[in-house]
Structures are given as structure tokens and as C-alpha cells.
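Contents: one structure, followed by commentary.
Protein chains: 2
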Amino acid sequence: MADVAEEAHVSVKTVSRVVNREPGVRRDTELRVRGVIDRIGFMRHDGARILRQGRTQTIALVVEDLANPFYSQIGAAVEREARIRQHQLITASAEGSPTRERVVLEGLINRRVDGLVVVPAGERPATDPTVSASGTPIVYVDRPVRGEPCDTVISDNAGGVRSAVEHLVAHGHRRIAFLGDNAEFWTARQRREAFVSIHDALGLPGDTRVVMGPHSSEDLVERLGAWARERTPVTAVITGNNRVTLAALHAMRQVGVQMGLVGYDDFELADLIEPSVTVVHQDPTSIGQKAVLQLFARLLGDESPAQTVVMPTRLIVRESGRLLSSLPPRKAKP
Amino acid sequence: MADVAEEAHVSVKTVSRVVNREPGVRRDTELRVRGVIDRIGFMRHDGARILRQGRTQTIALVVEDLANPFYSQIGAAVEREARIRQHQLITASAEGSPTRERVVLEGLINRRVDGLVVVPAGERPATDPTVSASGTPIVYVDRPVRGEPCDTVISDNAGGVRSAVEHLVAHGHRRIAFLGDNAEFWTARQRREAFVSIHDALGLPGDTRVVMGPHSSEDLVERLGAWARERTPVTAVITGNNRVTLAALHAMRQVGVQMGLVGYDDFELADLIEPSVTVVHQDPTSIGQKAVLQLFARLLGDESPAQTVVMPTRLIVRESGRLLSSLPPRKAKP
DNA sequence: TTGTAGGCGTTATCAA
DNA sequence: TTGATAACGCCTACAA
């Protein structure tokens, strides 16, 4: 900037004014300065600007695995919303490790990101001293953290599971089992509990059949086989997330059993499998958007108490929720 | 840092030394300083450090759509490699628009990112004045740019298509058609050209049947129907990327025709569809890794001429490449 | 309309 | 082993 100033025979301040389109520069001065800027290819150093202004115009997103479609969709939404608001997005992965998450968060705080959107790895208390001391606004997504209330965006796990069970029941299923993911995950436990309580509330017969992950391929095959061979067989399963849905589909294919199925999380091609798979859809795009909205409210000075937003889920009805006997025989159409 | 210095009765420089683990600080001094740091919760301001040192320890990834699994997998790989090297990753989406891409790139240059990994939106000459003037190392991914040679990582489009055609031919297919994506995309054109030349080289009968996107659902249904009704019907299609594969699968389902199929890009569940889908797999993780490797070589001073790396593809053989008549009738197993 | 001085928080240099 | 001082490039405040 100093170079430009010298070349254009003005002070740095004037150059600064031109660069930032501040008013109060004579037209011809501005043109002269712009000319020099273009000629020598000057580009403002945002680092210095940031240092002076205290705002980095940057937010960060911390997730478990950027390649997981659920998170990458959240990421895409967060990036878009950030870009609209002239902010850049740093993405970081903690790979599910609370330790690594702490390191990552410290790094981001050191960079003075303006705000954080975090899918918390563990359920450590929200009062991570590093973060809270920095005063950086933070919005948790997908799962809450323990301790004092924090801004959080989660999806309606209980509602989602309820819609799944009710759908199956409406189609005549009575013996319904639940295949959850690893019970270490909050969402997995939430969905399990929802399943159990709805199962009981509806007075469905028999014990509640619940198995949590991680599911090896063999376990799953054996389990499904056993359920299918019971005296009054299980006729439908609900799977706790996309990972489990895929595993269950593979296992069913392998065992050769055909059960009713409602999966948690929509997935590409759910409609091309036979029978097409009915799912509980949670919309990652809306979740990401909502989180950014919340975050920027804080950045703009919103001081209201921490808020937990529960995003609704939507049941996408396809064929797999029907009772097996009601399915048309395959290749019905000539 | 000044606060810490005062509190610990040392100079800022000593604090700096402690924070950066520089040698030459007496043990007890260090302990005293660390004590103060912990007590008052000091955190280094990386913005200032960056300003002073000139390195941001940040690289950026610019893609078209972060939600596209192909790019998000690249993103995950790039982030991991960056993290390993103590760098942070800014992700940005240009949404396929060259104009927006330019704005995005300028923003990143202003931030003085150390390096760029870019999936170029247009095919504008590589010598984007903004970027090249800044001297920021840049690696292009997935498609090259025109103009003087640049570091580029692409996948072996011709090889992938060849493996697809050869596989189909080996299974007895002779009338093979190609459904490409929008010919505006470089990769789409590459694959089309590869198809045409291999089709000719193998002396396959008839004109080469090639249709490029975008494909509306209706067009596709009509097209497939027409191919199937020809006097000597098309028995197999090759699809130019995952988008087209999905569209083609839907269309086939809708028309009720069953053709041989080899898709470009692997996708989840390719093995659960019936028949399971044979695909040409390009490994986004390796592509991302390779790009970062290349980038950091430049960052470390590698001055060798620009290099284009062609990553191999792999044919994942499933069922859909077989000749229709050789497929076992459905429900063969009781 | 333009310019000057000072400081943001850190590190490099050089001196003690 | 430690410290004083000057940058890094920009913006704020104030003055001319």
C-alpha cells in the first residue's frame, strides 16, 4: 500500500480510502490511485486489516468426517450462508476424537475465527475453558453438549422414530425391531429410547427388540436370521442411521430374508432398490442454515439465552414399510 | 502477550520464546511464564504472527459443490493432509461460475493463503492475473486449464472409458452407446472422445451412439426406448459420471428396459441394485492427497516444471456389464 | 479533500 | 539468558 501511495503521490491513507471505497476522495485522485493499483497489481493484505479491526470475517465448521454425506451437506450449507455474509469458512475434522477436537478448537480460537459451528465429538461439558474464555460464539449441531445450555441445532429424533413406528404399524406390522448405531453416540441413544417408549406406548406385543452397533456383517446376518426364525417372526426393522441402513440392506440381501424396513436418513438410490426404501429424512441443508443463522445472530450482538432448535424430520414413504404379504410379487408387470 | 510479560516480570520477547518453545530460556523463568499464561488464559493471536511471518499456514480448496460426494471426498482428503502438515483448510465453492470463482480466488489471495487446490470452473487461461501475480502455488484438480502448463491432477479418463468398453465387449456386447454429461465439462468431452475412438478402434458395428447432457428425465426415457427398439438394439450403455448413471438407472426402471451398464464413478449401493452396477472408479481420496503433496512440494521450494499427474482408474466389476441373456433369471434362488 | 501519528500482537534483530 | 526496538500492513482518530 505504501508502494501505491508513493507511486501515486498520495498518502497511504488515501490509498486505503480508495481501496475501501470510503467517500471523500476526489474523482481524479481516485482514478489515479486505481490506475497505480492495477498497474502494480496491489492486493490488500487482509491479515493486517484483521489485526487492526479485530474481526476475521471467518467462521469455522468442525465435524467428525467431511466425507460423510450428512456432514458434507451441512458443510455446503454453512459455506454458502457464510459466503453470502462475506465470511469465509474454515473446515476441520476432529475425526471423532475429543482430544483432537480440543486441539482443533484451540487452533481455530488462536486464529480468532468469529464463530464456530461444531458437531461435538464427545459429550464433554460445554464449558471447554479454551472456547468459553475466548468468548467466541459457538453453535452445536446434531448433538448437544452437557453442562450449561448452549445454542444447539438438533433434529427431532423422537419424532422421526415415532413416524417410522407409526408408519409400520399402520401397514400392519406388529413385531418391529430396532437396529441402532453405537450407543456411544447421543443420537443413537436418543433414537433407541424413542423406539422403546413408543413401542411400549403403542402396546406392541413381545419384548422390545433392540440391538445397538457397531454391527459386524456376521452379527447382523445372524441377528436378522434369528428374528426371522422366531415363532412369531419380526416383520420389520427400523435402522438408526444411514450406516446401519446400508449394513442391514446388505445383510438382508445376504440372508435372503425380506423384512419391512424404515431407515433413518435418506440416501441416494433409496428409490432404486427393490423394494424402495422408506426413510426418515432429516434435512442437513436446513440444519446447517439454521446453525449459521443462529451464529450470526450472536455475532450481531444477540444476547438472549441459549436456544435449542429442534428441526423437524420428514417421513419419505416408499415401499419398504409395507407388510411383506401386501407387496406385489416381483416382476408383476410382464 | 504484553500482559503476561508484565505479570511475569519478563519482556514480551521472553514470553514469545516460551510460547514458541524456543531454546534459551531458563527453566524457572519458563515455568513462571507458563504459570501466568495458564492463569490468565493467554492465547497467541495467530493473525499477528501471520502478519509478521508472512506465512498463514492455510491452504484453500475451491470446488463447484461441496455437497457432491466426489468433491467432499477430495475435501476430506485435502483437509486431512493439510492438518497433518499443521495447516488449516479454507473451503469455498464457486458454484460452477467462473465469475464467482474469480471473486473467491481474489478473496483467498487477499488472505494470503499459502496455496490453492482448485477444481476450475471454466477453462479460462491458467494465467488468471490475480493468482499468478500473487505467486501463490496452485494445483488444479479433476480438469486442466488452458494456457501455459500448470500443476494438475486428473484421472485417467481415457483409460477408464477404455476399461468400460472392453469389459462390455468381453461380455459379448457389440452395440454400445454412451451417455455423457454436459459437453461444457472437460471431463465429459474427454470421456466422449475416448469412447468414440475406442469404439472405432475396436471396429464395433454401426454408428457410435453418443448423447451428451443435460438429460431430462423424459429425454432419457425416450432415448433409451428408441435404442432398445432399433432393429439391432443397443445392448449396453456407458454413463459419463455419477449424475448420469443415476438418471439412467431411473430411466431404465421407468422404461422397463434392461440394458448392460457401466457407470463412471462408483457410488454407494451400486452393489445393492439389481443387477448390481459395474463402475469405473476414480479414487477421490488419492486425488486429493496427490494434489496436496504436489502443493506442499511447491511450498517447500520445488521449482521443477509444472507437472500433470494422471491418476489411474479401476474397474469395479459387478453384474451390470454382463450380456442380458447371460444374466440368471431373477429370483433364481428359491 | 487529504495527511500524520499511533497502534493492533507478534517475531526478528541485535545488543546487553 | 534476557530485553529493547523495529518492523509486518493496515485502519482509527484526529489534524490540516
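Here the protein sequences come in this chain order: A and B.
So the first sequence is numbered by numbering that gives the first Met the number 0: it starts at 0 and just counts up by one.
So the second sequence is numbered by numbering that gives the first Met the number 0: it starts at 0 and just counts up by one.
We put the CB at the ideal spot given by N, CA and C, even for glycine.
query	result
Name the chain B residues whose beta carbon is nearer than 8 angstroms to that of phenylalanine 266 of chain A?	Glu267, Leu268
Roughly how many angstroms separate the alpha carbons of serine 96 of chain A and asparagine 19 of chain A, rounded to a whole number?	42 angstroms
Count Cβ pairs between the region 74 to 83 of chain A and the region 270 to 289 of chain A that sit closer than 8 angstroms; are there 3 or more?	yes
By how many angstroms is the C-alpha of serine 275 of chain A removed from the C-alpha of proline 327 of chain B?	Only weak support is given to the placement of proline 327 of chain B: the predicted model assigns it a pLDDT of 48, under 50, and the question is left unresolved by the model.
Nearest CA to the CA of arginine 242 of chain A: which residue from A:Pro136, A:Phe69, A:Val254?	A:Phe69
Given glutamate 318 of chain B, which residues of its chain have a CB within under 6 angstroms of its CB, disregarding the five upstream and five downstream residues?	Pro274, Ser275
Which whole runs of the beta strand (DSSP E) in the region 249 to 274 of chain B are 3 residues long or more, in chain order?	259 to 263
Closest Cβ-Cβ distance between glutamate 78 of chain A and chain B: below 8 angstroms?	yes
Answer with buried or exposed for leucine 248 of chain A, where buried requires no fewer than 16 other C-beta atoms within 10 angstroms of its C-beta.	buried
Run through DSSP, which three-state label would glutamine 87 of chain A get?	strand
If you check the beta carbons only, do phenylalanine 338 of chain B and isoleucine 237 of chain B fall under 8 angstroms apart?	The structure shown has nothing for residue 338 of chain B, since chain B only spans 0 to 333.
Does glycine 300 of chain B come within less than 8 angstroms of chain A when only Cβ atoms are used?	no
Give the DSSP-derived three-state secondary structure of glycine 320 of chain B in the structure shown.	coil
I'd like to know whether the C-beta atoms of histidine 214 of chain B and leucine 314 of chain B end up nearer to each other than 8 angstroms.	no
CB-CB under 8 angstroms to valine 233 of chain A, same chain, minus the five flanking residues each way: which ones, in chain order?	Arg174, Ile175, Ala176, Arg208, Trp226, Ala227, Met258
Do you know whose CA, among A:Arg145, A:Met211, A:Ala200, lies nearest arginine 161 of chain A's CA?	A:Ala200
Do the region 78 to 91 of chain A and the region 37 to 53 of chain B make contact, defined as three or more Cβ pairs closer than 8 angstroms?	no
How long is the line joining the alpha carbons of proline 22 of chain A and arginine 33 of chain B, rounded to whole angstroms?	47 angstroms
Could you give the first and the last residue of the continuous alpha helix (DSSP H) run that contains serine 216 of chain B?	216 to 228
Count the other CB atoms, across all protein chains shown, that sit within 10 Å of the CB of aspartate 141 of chain B; report buried if there are 16 or more and exposed otherwise.	buried
If we require 4 or more residues per run, which alpha helix (DSSP H) segments fall completely within the region 147 to 171 of chain A?	156 to 169
Anything in chain A within Cβ reach of glutamate 334 of chain B, meaning under 7 angstroms, just list it in chain order.	Absent from the structure is residue 334 of chain B, since the part of chain B shown begins at 0 and ends at 333.
Would you mind reading off the limits of the beta strand (DSSP E) that contains valine 14 of chain B?	From DSSP, valine 14 of chain B is part of no beta strand (DSSP E) but of the alpha helix (DSSP H) over 11 to 18.
Select from A:Gly202, A:Ala250, A:Ser196 the residue whose C-alpha is nearest the C-alpha of glutamate 221 of chain A.	A:Ala250
Could you please give the first and the last residue of the uninterrupted alpha helix (DSSP H) stretch that includes histidine 44 of chain A?	Per DSSP, histidine 44 of chain A belongs to no alpha helix (DSSP H) and is neither H nor E.
The region 60 to 78 of chain B: which residues have C-beta closer than 7 angstroms to a C-beta of chain A, in chain order?	Asp64, Leu65, Ala66, Pro68, Ser71, Gln72, Gly74, Ala75, Glu78
Strictly by DSSP, which residues pair up with serine 92 of chain A?	A:Val62
Could you tell me whether the Cβ atoms of valine 14 of chain B and methionine 0 of chain B are closer together than 8 angstroms?	yes
Kindly indicate which residue of A:Arg101, A:Pro136, A:Thr151 has the alpha-carbon position closest to the one of valine 112 of chain A.	A:Pro136
Based on the DSSP secondary-structure assignment, which residues constitute the bridge partners of phenylalanine 177 of chain A?	A:Val209, A:Ile237
In its own chain, which residues sit with a C-beta less than 7 angstroms from the C-beta of arginine 99 of chain A, not counting the 5 before and 5 after it?	Ala93
Could one say the Cβ of asparagine 109 of chain B lies closer than 8 angstroms to chain A's Cβ atoms, at least one of them?	yes
Are any of the Cβ atoms in chain A nearer than 8 angstroms to that of alanine 91 of chain B?	yes
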